[in-house]
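Undergrad:
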Amino acid sequence: MTNGICTLGNDVVFDQIVALVNSVATHAGPDFPVCIYPYDDNLERLRAFVQDRPQVQIYDDVASIQSWDHWVEKIWQVHPTAHERWLAINGKAGIHRMGTHRRFGAFDGPFDQFIYMDADTLLLDSPQPIFDLLDQFDWITYDFQHRDLSHVFTVDAPNLTQVFTPAQIETQIFCSGFYGSKRGIFSDADLATFLEQLAAGEATVLYPMAPDQTILNYCVLRKPLKAVNLAFHWPVEKRTGNSVTSPHFEQRGDGVFDRDRRLTYLHYIGVSSKLFTRLCQGENMDIPYRDVFLHYRYLHDPSDRPSFTGPKVKDQPPRPPLWQRALSKLKR
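Per this note's numbering, the sequence shown starts with residue 9, numbered consecutively.
1) What's the gap between the Cα of Val32 and the Cα of Ala208?
2) Pull up the CB-CB distance for His104 and Trp94, whole angstroms please, since I reckon it's below 8 Å.
3) For Cys227 and Glu258, what's the separation of their Cα atoms in angstroms?
4) Here's the rule: buried if 16 or more other CB atoms are within 10 angstroms of the residue's CB, otherwise exposed. What is Gln180?
5) At what residues does the alpha helix (DSSP H) containing Gln176 begin and finish?
6) Can you tell me where the alpha helix (DSSP H) with Glu81 in it begins and where it stops?
7) Count the other CB atoms within 10 Å of the CB of Thr253; is the residue buried (16 or more) or exposed (fewer)?
8) Can you give me the start and stop residues for the alpha helix (DSSP H) that Arg93 sits inside?
9) Excluding the 5 residues flanking Val26 on each side, which residues of the same chain have their C-beta closer than 7 Å to its C-beta?
10) Name the residue from Leu142, Arg230, Ala211, Ala197 whose alpha carbon lies nearest to the alpha carbon of Tyr187.
11) Assuming Lys234 is part of the beta strand (DSSP E), what are its boundary residues?
12) To which residues of the same chain is Val321 closer than 7 Å at the C-beta, ignoring the five residues directly before and after it?
13) Between the segment 58-77 and the segment 156-163, do three or more beta carbon pairs fall short of 8 Å?
14) May I have a chain-ordered list of the beta strand (DSSP E) segments no shorter than 3 residues that lie completely inside the segment 267-298?
15) Relative to the alpha-carbon of Thr34, which residue among Asp48, Gln63, Gly99 has its alpha-carbon at the smallest distance?
16) According to DSSP, is Glu258 helix, strand or coil?
17) Is it true that the segment 240-256 meets the segment 111-125, where meeting means three or more beta-carbon pairs spaced less than 8 Å apart?
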């Protein structure tokens with residue numbers, strides 16, 4: 009039985025992936041395998057990086073990648089509004105954030121059991137308890153996404169409560185930034201069935217603005233897999249938060265604690281990859297729990313860690329995207 013950590017990325021998130029790989033080596037073991045699934049072909053720095061990390065590989069099974077790409081394309085072909093919505097937002101045709109679907113390659117990747125972690129996460133404790141639970145469950149999550157259905161499914165889809173039970177909607181949806189599962193958990197027959205069901209009208213429940221997250225939730229709930237969310241499963245005294253949007257965490261050494269409980273992982277959700285790049289280039293960017301990130305990013309290269317002077321720089325709010333400006337104009 010081969011266990012490993014999976015992530016997704018390219019050179020845009022290079023600094024974050026280095027930090028994640030170093031955090032895995034710290035808390036899972038220096039030889040614990042990591043597989044990076046390519047968001048696209050922008051991989052020059054990452055390919056150079058893995059040359060010195062024998063436990064890290066970039067997934068290069070072209071047939072597998074293309075197979076998942078084609079399956080995803082078929083899904084979004086049957087969605088009634090996704091392409092129109094993406095065209096308005098992005099100003100060009102095509103599937104929104106297509107590369108995010110490449111994480112699906114882990115289902116036929118090198119590991120029998122794996123934990124998928126987004127590039128903007130850090131492993132802060134041993135992953136072994138999660139791998140142990142994969143003997144009992146097929147899908148393990150640890151987040152509080154169930155509090156916000158709107159980023160998982162289309163909440164006003166008329167058939168939402170016909171496709172899923174109230175219990176599934178209220179307690180089983182999850183964030184796609186961290187989950188444990190197994191190779192081959194979805195068979196070819198499963199994937200064909202999902203396509204048939206979506207084409208028959210169920211595609212309306214999918215939320216196009218989080219394309220990989222909505223598809224994963226659909227597949228896990230629709231099969232359904234034997235799934236568990238540790239935010240419910242673990243006793244109250246063991247549970248922690250995991251998002252940098254929580255301001256009360258405390259850093260101690262290389263760990264982060266939630267009321268004296270060590271976090272399993274920390275998710276820098278909502279923090280732009282551009283801010284991490286600017287930080288690593290020496291700008292004094294004000295990023296939540298940034299010293300934790302910098303610790304792991306420069307764990308093996310402490311002399312390269314930037315030093316900062318002067319006040320921290322708060323990122324200027326970006327100009328609203330085209331689709332928001334268009335919507336505001338329509339409302340006016």
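C-beta: ideal position from N, C-alpha, C; glycine also.
In this text the structure is predicted, and so the values were computed from the model without any measurement.
TA: Inspection of the coordinates gives the following:
1) 42 Å
2) Confirmed, Cβ separation roughly 4 Å.
3) 36 Å
4) buried
5) Element bounds for Gln176: 174-179.
6) 70-85
7) exposed
8) Start and end: 90-98.
9) Phe57, Arg305
10) Each of Leu142, Arg230, Ala211, Ala197 was checked against the Cα of Tyr187, and the nearest Cα belongs to Leu142.
11) Boundaries for Lys234: no beta strand (DSSP E) harbours it, and the DSSP string shows neither H nor E there.
12) The beta carbon of Val321 sits closer than 7 Å to the beta carbons of Glu291, Asn292, Met293, Asp294 from its chain, once the five residues preceding and following it are set aside; these are given in chain order.
13) Taking a contact to require three or more Cβ pairs closer than 8 Å, the segment 58-77 and the segment 156-163 do not qualify as touching.
14) 273-275
15) Gln63
16) strand
17) no
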